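Going by the numbering used here, the first residue of the sequence shown is number 21, and it counts up by one from there. From the three backbone atoms N, C-alpha and C, an ideal C-beta is built for every residue, glycine too. Note that the structure is a prediction, hence the values are computed from the model and not measured.
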Amino acid sequence: MIETIRFGKTDLQVSPLVLGTWVTGGWAWGGSDEKESLAAILRALELGIDFIDTAPVYGFGKSEQVVGKALKEWGRQKVVVATKCGLEWDAQERIRRNSSPQRIMQEVDDSLKRLGADCIDLYQIHWPDPAIAFEDSMKTLLKVQELGKIRYIGVSNFDRDRLQEIMQHGTIYSLQPPYNMFEREAEKELLPFCMENGIATLAYGGLCRGLLTGKFKGDERFPKGDLRDSDPKFKPDQFKKYVSAVDEIKPIAASYGKSPAQFALRWALHQPGITCVIAGARTPKQSEDNAGACGWTIKPEDLRKVDEILAAKIQKPVGPEFMAPPEE
21 MIETIRFGKT DLQVSPLVLG TWVTGGWAWG GSDEKESLAA ILRALELGID
71 FIDTAPVYGF GKSEQVVGKA LKEWGRQKVV VATKCGLEWD AQERIRRNSS
121 PQRIMQEVDD SLKRLGADCI DLYQIHWPDP AIAFEDSMKT LLKVQELGKI
171 RYIGVSNFDR DRLQEIMQHG TIYSLQPPYN MFEREAEKEL LPFCMENGIA
221 TLAYGGLCRG LLTGKFKGDE RFPKGDLRDS DPKFKPDQFK KYVSAVDEIK
271 PIAASYGKSP AQFALRWALH QPGITCVIAG ARTPKQSEDN AGACGWTIKP
321 EDLRKVDEIL AAKIQKPVGP EFMAPPEE
């Protein structure tokens, strides 16, 4: 059974497990099958995963379009939809940050059209844009909110200082940071800050690009254009260390009758300051597997065991910094 929670200070009631749709767009994930992606979304909704996170840059509009088809089939009112703004791309699919007022105004209309919606529940700046004053971006978002095109404003990939700065210009309801067993930088400053300020969090990368699923041996190679090809954790010197840590966590997961992926997602939901965790699904079966992360708890002694395994196996964790688009 998938529980529902209140999302921070909003009036949104959501499942703590969020369906991520980066993989739905295919870009950076070795392509995708639209029919299968649509079936995966509909299966997640059937199971009670009623919170979907997308972005224009995922497949350069494709992800939002597929989500839009699912909303049309399922019913918009029954789903909480989060999308993003603040990135643009050229014909060569080179991405750059752009949170200018003009870009935001254009993007919100494009997203609404692709989603087939008249309002977006949660609208997030995808990456901070140092070239544009936060005050200008926020003024535009507040204007879009007044027009009824978005309900709540959030940010993604902001550090604590930038989060504090943008909060001076309007209410920020949520933060989307990278966070999973292997990428825990957010615990130092971001999560405590969010807890102090009542900011909801959506942890992305909950399965660390599939590393926490337990399906890798550590000698796999990824095609050019696949995100994992540029992730240092998937390079030969690091890959086997991470796989070895997952192998030690597997028996703990099995003691709950859960897969390593289900255990990793549940683990994230147990961490202080984490409101929701995002997990992608290419197929209906993956949606079903993800749903198995809900409705149970991990004992404190097993949470401690996980920390011990990680400390022993991964002495120098590699972060997700490689994903950041250029600031210029």
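Proximal residues to residue 81 (C-beta, below 7 Å), its chain only, five neighbours per side dropped: Stepping through the sequence shown from its first residue, residue 81 is reached at position 61. Answer for residue 81: 134, listed in chain order.
Below 8 Å, can you find three or more Cβ-Cβ pairs linking the segment 275-292 to the segment 237-257? Cβ pair count under 8 Å is below three, so no.
Taking residue 115 as part of the beta strand (DSSP E), name the residues at either end of that continuous run. Residue mapping note: residue 115 aligns to position 95 of the sequence shown, counting from 1. Counted as a single uninterrupted DSSP element, the beta strand (DSSP E) harbouring residue 115 occupies residues 115-117.
Taking C-beta to C-beta, are residue 210 and residue 180 nearer than 8 Å? Taking the sequence shown and counting its residues from 1, one reaches residue 210 at position 190. Taking the sequence shown and counting its residues from 1, one reaches residue 180 at position 160. In this structure, the beta-carbon distance from residue 210 to residue 180 falls below 8 Å.
Under 8 Å, do residue 152 and residue 192 count as touching if we go by C-beta distance? Position 132 of the sequence shown holds residue 152. Position 172 of the sequence shown holds residue 192. Against a cut-off of 8 Å, the Cβ pair of residue 192 and residue 152 comes out as no contact.
Near residue 228, which residues of its chain fall below 6 Å by C-beta distance, leaving aside the five closest residues on each side in sequence? Locating residue 228 in the sequence shown gives position 208, where the first residue counts as 1. Listed in chain order, the non-local C-beta contacts of residue 228 below 6 Å within the same chain comprise 200 and 202, local neighbours out to five positions each way being set aside.
Report the three-state DSSP secondary structure of residue 24 (helix, strand or coil). Position 4 of the sequence shown, counted from the start, is the residue given in the question as residue 24. Note: residue 24 maps to coil in three-state DSSP.
Cut-off 8 Å between Cβ atoms - residues of its own chain near residue 48, not counting five sequence neighbours on either side: On the sequence shown, residue 48 is found 28 positions in, with the first residue counted as 1. Any reading at residue 48 is ruled out, since the residue's pLDDT is 46, under 50, leaving its predicted position unreliable.
Cα-Cα separation between residue 324 and residue 317, rounded to whole angstroms: Within the sequence shown, the letter at position 304 stands for residue 324. Within the sequence shown, the letter at position 297 stands for residue 317. Going from the Cα of residue 324 to the Cα of residue 317 covers about 14 Å.
So, are the CB atoms of residue 226 and residue 299 less than 8 Å apart? If you number the sequence shown from 1, residue 226 lands on position 206. If you number the sequence shown from 1, residue 299 lands on position 279. Yes, the Cβ-Cβ distance between residue 226 and residue 299 is below 8 Å.
DSSP-derived helix/strand/coil call for residue 49: The residue you call residue 49 lines up with position 29 of the sequence shown. Low per-residue confidence applies at residue 49: pLDDT is 45, beneath 50, and the placement is therefore not dependable, though the value from the model is reported in the following sentence. Coil at residue 49, not helix or strand.
Would you say residue 314 and residue 36 are within 8 Å of each other, going by their C-beta atoms? Along the sequence shown, one-based indexing puts residue 314 at 294. Along the sequence shown, one-based indexing puts residue 36 at 16. Against a cut-off of 8 Å, the Cβ pair of residue 36 and residue 314 comes out as a contact.
Spell out a yes or no on whether the segment 117-132 and the segment 164-173 are touching, meaning 3 or more CB-CB pairs, one atom from each, closer than 8 Å. Three or more Cβ pairs closer than 8 Å define a contact, and the segment 117-132 meets that threshold against the segment 164-173.
Can you tell me the Cα-Cα spacing of residue 66 and residue 28, whole angstroms? The sequence position of residue 66 within the sequence shown is 46, counting from 1. The sequence position of residue 28 within the sequence shown is 8, counting from 1. Their backbone Cα atoms lie some 24 Å apart in a straight line.
Just mark residue 223 as buried or exposed, buried being the case when its beta carbon has 16 or more other beta carbons within 10 Å. One-based indexing of the sequence shown puts residue 223 at position 203. The residue is buried, with at least 16 neighbouring Cβ atoms inside 10 Å.
Using CA coordinates, which residue listed in 266, 195, 301 and 293 is at the minimum distance from residue 104? Residue numbering aside, residue 104 sits at position 84 when the sequence shown is read from its first letter. Ranked by Cα distance from residue 104, the options 266, 195, 301 and 293 are led by 195.
Which residues in the same chain as residue 284 place their Cβ atom closer than 7 Å to its Cβ, once the five residues preceding and following it in sequence are excluded? Position 264 of the sequence shown holds residue 284. Apart from sequence neighbours up to five positions away, the residues of its chain that approach residue 284 with a beta-carbon distance below 7 Å are 200, 201, 226, 227 and 232, ordered along the chain.
Which of the three DSSP states is assigned to residue 217 in this structure? On the sequence shown, residue 217 is found 197 positions in, with the first residue counted as 1. Looking at residue 217 - three-state DSSP - the assignment turns out to be helix.
Using C-beta distances below 8 Å, list every residue in its chain close to residue 341, excluding the 5 sequence neighbours before and after it, in chain order. Here residue 341 is taken as the residue at index 321 of the sequence shown, counted from 1. Nothing listed; no residue qualifies.
Are residue 338 and residue 269 closer than 8 Å when you measure CB to CB? Your numbering for residue 338 matches position 318 in the sequence shown. Your numbering for residue 269 matches position 249 in the sequence shown. Against a cut-off of 8 Å, the Cβ pair of residue 269 and residue 338 comes out as no contact.
Note the first and the last residue of the continuous alpha helix (DSSP H) segment covering residue 128. On the sequence shown, residue 128 is found 108 positions in, with the first residue counted as 1. Per DSSP, residue 128 belongs to the alpha helix (DSSP H) from 121-135.
Pick out whichever of 53, 58, 26 and 71 has its Cα sitting closest to the Cα of residue 311. Taking the sequence shown and counting its residues from 1, one reaches residue 311 at position 291. Residue 71 is the option with its Cα nearest to residue 311.
What are the boundary residues of the beta strand (DSSP E) that residue 107 is part of? Sequence index remark: in the sequence shown, residue 107 carries index 87 (1-based). Counting along the chain, the beta strand (DSSP E) containing residue 107 begins and ends at 107-109.
Would you call residue 328 buried or exposed, if buried means 16 or more other Cβ atoms sit within 10 Å of its Cβ? As a position in the sequence shown, residue 328 is number 308, starting the count at 1. Using a 10 angstroms sphere on the CB of residue 328, the tally of other CB atoms stays under 16, which defines it as exposed.
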